[in-house]
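First to last, the sequence lines map onto chains A and B. Note that full-length UniProt numbering gives residue 147 to position 147 of the first sequence, counting from 1, and the numbers run on in steps of one. Note that full-length UniProt numbering gives residue 12 to position 12 of the second sequence, counting from 1, and the numbers run on in steps of one. Every residue, glycine too, gets a C-beta built ideally from N, C-alpha and C. Keep in mind that this is a model prediction, so the values were computed, not measured. All remarks here apply to the structure that follows.
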Amino acid sequence: MDDTDKRIINQLQQGFPICESPYSRVAQQLDISEADLISRLQTLLAEGVLSRFGPMYHAEQMGGALSLAALKVPEEDFAAVTDIVNAFPEVAHNYARNHSLNMWFVLATERPEQVQSVIEAIEQQTGLVVHNMPKINEYYVGLQLQV
Amino acid sequence: MPIDAIDRQIIQATQAGLPLVAEPYQVIAEQLGLSAQLVMQRMQAMQDNGVIRRIAAVPNHYKIGYRYNGMTVWDVDDLHIDSLGQRVAELSFVSHCYQRPRHLPDWPYNLFAMVHAKTELDAERQIALIADLLGTDSRRHAVLYSSKILKKTGLRIAG
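In structure tokens, the structure reads:
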């Protein structure tokens with residue numbers, strides 16, 4: 001990752017235009033060519049430096065729901081439970097964390113009632129209790145990490 | 001903001017990512033049999049009403065040097081949580097801050113604040129600043145560092 005890559009990441013965390021030739025517009029701002037920008041983005045995505053590039057959809061704003069949920073997974077079952085949980089398209093993010101509640105995942109669903117049905121399905125398939133922690137209040141979201 | 005069938009098609013076509021070609025909205029439009037004008041108009045409307053938070057690059061925290069990604073959780077009085085949560089959220093290094101339900105007796109924490117740091121020392125400094133801010137209003141706290149990203153795809157709606 002060189003300085004140009006870092007400038008691309010910092011700039012594109014803030015947003016991306018909706019217009020006919022958006023890469024060309026961003027490339028001009030970064031003083032690089034459109035082809036260079038596209039090829040660097042391909043590399044950053046292929047190498048996993050970027051998890052994703054595109055619209056970030058907000059489940060709640062489209063009439064759906066979000067929740068955070070946690071599982072206490074026995075170490076020996078961790079890989080199998082990961083596969084079960086990750087297989088649900090409604091699981092948007094999943095992290096291993098250093099606590100007895102050692103698996104934390106975010107559910108993002110198109111319809112609100114799907115949160116409960118996915119939780120029940122995960123409980124049934126894993127035999128574990130899902131601790132559902134939907135937000136009660138949101139105080140702030142939005143830090144962008146500078147490279 | 002309810003979405004209609006066209007918005008839904010656009011979401012499905014773009015939820016995994018935007019095409020990496022010179023005219024990405026044109027490519028999406030062709031896939032869906034719509035005009036590029038309509039696709040851009042709908043995406044702009046979804047961005048304006050918050051269905052699209054933003055169109056952006058999402059970095060892998062670890063790969064850009066942020067190895068210490070901590071979910072700090074605090075047990076604070078429900079009566080004061082709103083003012084405390086707002087003050088914690090104003091700290092520059094806090095990326096998300098939420099009130100969530102306790103699950104007693106296992107989980108006594110109701111205030112969640114995510115912090116991100118490049119070194120353990122920086123992470124500890126950040127956590128100490130939150131602890132100072134909350135003072136005696138926090139009865140106990142814990143920090144759950146992520147040890148692995150198991151999945152990070154964002155929302156996916158089914159076809």
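- Between the alpha carbons of Pro-74 (chain A) and Arg-25 (chain A) lies a distance of about 50 Å.
- Listed along the chain, the chain B residues whose CB falls inside 7 Å of the CB of Gly-48 (chain A) are Asn-60 and Lys-63.
- By the criterion of a C-beta distance shorter than 7 Å, Ile-32 (chain A) is surrounded in its chain by Thr-4, once the five residues flanking it on both sides are discounted.
- Leaving aside the five residues that flank Pro-112 (chain A) on each side, the residues in its chain whose CB is nearer than 7 Å to its CB run, in chain order, Gly-64 and Ala-65.
- For Ile-11 (chain B), the C-beta contacts it makes with chain A under 7 Å involve Tyr-57, in order along the chain.
- Within the segment 120-140 of chain B, contact with chain A at the beta-carbon level (separation under 8 Å) is assigned to no residue.
- The DSSP assignment places 5-14, 24-32 and 36-48 as complete runs of the alpha helix (DSSP H) inside the segment 1-64 of chain B, in order along the chain (cut-off: 4 residues).
- At least one beta carbon of chain A lies nearer than 8 Å to the beta carbon of Pro-2 (chain B).
- Nearest CB-CB separation between Ala-108 (chain A) and chain B: below the 8 Å threshold.
- In this structure Ala-69 (chain A) touches Met-133 (chain A) by the C-beta definition: roughly 6 Å separates them, less than 8 Å.
- Identification of chain B residues near Ile-38 (chain A) by a Cβ-Cβ cut-off of 9 Å yields Leu-20, Val-21 and Ala-22, ordered along the chain.
- Taking 8 Å as the threshold, the shortest C-beta distance from Glu-120 (chain A) to chain B does not fall below it.
- In this structure, the straight-line span from the alpha carbon of Ala-56 (chain B) to that of Tyr-68 (chain B) is close to 23 Å.
- Pairing Leu-104 (chain B) with Gly-85 (chain B) gives a Cβ-Cβ distance that is not under 8 Å.
- By the C-beta density criterion, Thr-109 (chain A) is buried, having at least 16 other C-beta atoms within 10 angstroms.
- If you look at Phe-105 (chain A), you'll find it in the beta strand (DSSP E) that goes 103-109.
- For Ala-89 (chain B), the chain A residues whose Cβ falls inside 7 Å of its Cβ are Tyr-139 and Tyr-140, in order along the chain.
- When rounded, the separation of the alpha-carbon atoms in Arg-7 (chain A) and Tyr-23 (chain A) is 14 Å.
- Inclusion of Ala-142 (chain B) and Tyr-98 (chain B) in the CB contact set at 8 Å is not warranted, their separation being larger than that value.
- Interface criterion met: the Cβ of Gly-154 (chain B) is under 8 Å from a Cβ in chain A.
- Bridge partners of Met-56 (chain A) according to DSSP: B:Arg-54.
- Annotation for Leu-133 (chain B): the continuous alpha helix (DSSP H) segment containing it runs 120-134.
- With contacts defined by Cβ atoms closer than 8 Å, Ser-67 (chain A) and Val-58 (chain B) do not form a contacting pair.
- In the displayed model, Gly-85 (chain B) falls within a helix according to three-state DSSP.
- Of B:Arg-125, B:Arg-140, B:Asp-122 and B:Ile-3, the smallest CA-CA separation from Ile-52 (chain B) is found for B:Ile-3.
- Among the residues of chain A, none has a CB under 7 Å from the CB of Trp-74 (chain B); the nearest is roughly 12 Å distant.
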